[in-house]
Amino acid sequence: AKSEGRHTARFFDEALKEETRLRWRLSRDLEGAVERGEMSLVYQPMADARTLRVIGYEALLRWRHPELGDIRPDQFIPLAESSGRIDSLGLWVADQAMAAARGWPDHAIVALNLSPVQFRQADLAADLLALAERHGLAPERLEFEVTESATLLGHRRDDVLGALRALQDRGARIVMDDFGTGYSSLGNLRDFRFDKLKVDRSFVSAMLDHAPSASIVRSIAALGESLGVPVAAEGVETEEQLALLRRWGFPQVQGYLLGRPERLESVLRSAAYAGMI
Ligand code: C2E
Ligand code: CA
Ligand code: CA
Ligand code: CA
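The following block contains the structure:
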């Protein structure tokens, strides 16, 4: 048993080294990945819960590594954040998505995820607004999804709030993403005016067979209503989930049931099919 333990320890040690090597490699290979054409965007529809009409699309980043294949954003975004590459990558995403949105119906929203790290750039808001202007996109069509950690950058808190406010002043909307999972959600709600709360997928996935998750989702709907802030649910995969969310008054839904993230060509085909364009 003793030698077995040693083997196990060695196995974990090796696995850890392997993991570290992989992270190091991915971090290195991120450099120039955009220029080599390895990055692309997919777009997932956001729908009106009542009519199920598409109201816009969330841009989600994809990386196809030439040797390792598809790398999940959960894996490479943190590496882009720690290496500082997220700044240029984030602006590239915004540029691509805004260019894509020119082919969408006039009213369709473009939702972009912003990394907390991007707020270190003093001119983030100005850069994003300049991009929108260059693409002839009214800021009213833009939604910026920030996770709760973005509002918790300690001493940077005022800078973050300032950037968010600058975007809002021009008509863009700020969405609190993954709502319910962050630390101090309610403090953030109190100190800053969000235009939408997006309930985290983990609660939606669990709500049918986990009563506490259902209570949380339902309470968030009530909270949104009393604050006058629209709520959206992500990760909606079943009709049962949709029915419950509608009953609880969620105005917006998103998830595989409504549509998976798709390449721009497919988005345009389905929009044309639905008579949107
Ligand atoms: P997120 O912003 O919470 O995005 C939702 C994630 O859930 C996406 O994963 C989406 O593909 C997935 N999803 C949507 N509907 C369903 C569903 O019904 N069931 C299930 N199981 N999953 C669903 P994805 O694309 O892998 O992105 C993961 C995370 O990576 C995102 O979470 C976001 O935090 C981050 N990310 C993606 N693109 C960007 C980007 O351009 N910039 C930044 N900063 N972060 C990004
Ligand atoms: Ca998001
Ligand atoms: Ca989310
Ligand atoms: Ca997330």
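Following my numbering, the residues of the sequence shown are numbered contiguously, the last one being 575.
Ideal Cβ placement from N, Cα and C applies to all residues, glycine included.
### Message
Using a Cβ-Cβ distance cut-off of 8 Å, determine whether R400 contacts chain D.
### Response
As a matter of chain content, chain D is missing from the structure shown, which is built from one protein chain.
### Query
Taking the DSSP output, what are the residues bridged to I472?
F442
### Query
Which first and last residues belong to the alpha helix (DSSP H) in which G533 is found?
Unbroken run through G533: none, as it is neither H nor E.
### Counted within 10 angstroms of its Cβ, other Cβ atoms place S386 as buried (16 or more) or exposed
exposed
### Message
Taking the alpha carbon of G460 as the reference point, which residue from R418, A436, R439, K494 has its own alpha carbon closest?
### Response
R418
### Query
Below 8 Å between beta carbons: does that hold for A395 and L339?
yes
### Query
K315: beta carbon under 7 Å from a heavy atom of ligand 3?
no
### Task
Give a yes or no on contact between the region 555 to 565 and the region 503 to 513, applying the rule of three or more CB pairs nearer than 8 Å.
no
### Task
Along the alpha helix (DSSP H) that carries G460, what are the first and last residues, could you check?
455 to 467
### Query
Around the Cβ of S524, are there at least 16 other Cβ atoms within 10 angstroms (buried) or fewer (exposed)?
exposed
### Query
L566 and G388 look like a contact to me (Cβ under 8 Å); what is the Cβ gap, rounded to whole Å?
The pair is not a contact, with the Cβ atoms about 24 Å apart (cut-off 8 Å).
### Query
Do L412 and V444 come within 8 Å of each other at the CB atom, strictly closer than that value?
yes
#### Entry: In chain order, each alpha helix (DSSP H) run of at least 4 residues that lies wholly inside the region 478 to 565
483 to 489, 499 to 504, 509 to 525, 537 to 545
### Strand pairing of Y355, partner residues [DSSP]
P343, V408
### Identity of the residue in R362, D457, L462 nearest L427 by Cα
L462
### Task
Would you check whether ligand 1 has a heavy atom nearer than 7 Å to the C-beta of D476?
yes
### Task
Please name the residue in H405, E379, L359 whose C-alpha comes closest to that of A392.
L359
### Message
Let's see if you can read the secondary structure: which residues bound the beta strand (DSSP E) around D421?
### Response
That residue, D421, is in no beta strand (DSSP E); it is neither H nor E in DSSP.
#### Entry: Buried or exposed by the 16-neighbour rule on C-beta atoms within 10 Å, applied to Q373
exposed
#### Entry: Rounded Cβ spacing between I369 and L324 (contact assumed at less than 8 Å)
6 Å
#### Entry: Whole-angstrom distance between R432 and A530, CA atom to CA atom
29 Å
### Task
Output yes or no for whether 8 Å exceeds the beta carbon distance between Q550 and M344.
yes
### Task
Can you tell me the Cβ-Cβ gap for V527 and V502, rounded? I've got them flagged as a contact below 8 Å.
Contact doesn't hold; Cβ gap of about 18 Å is too wide.
### Task
Give the straight-line distance between the Cα atoms of G434 and A424, rounded to the nearest whole angstrom.
15 Å
### Task
Would you kindly work out how many angstroms separate the C-alpha atoms of G485 and D493, rounded to a whole number?
16 Å
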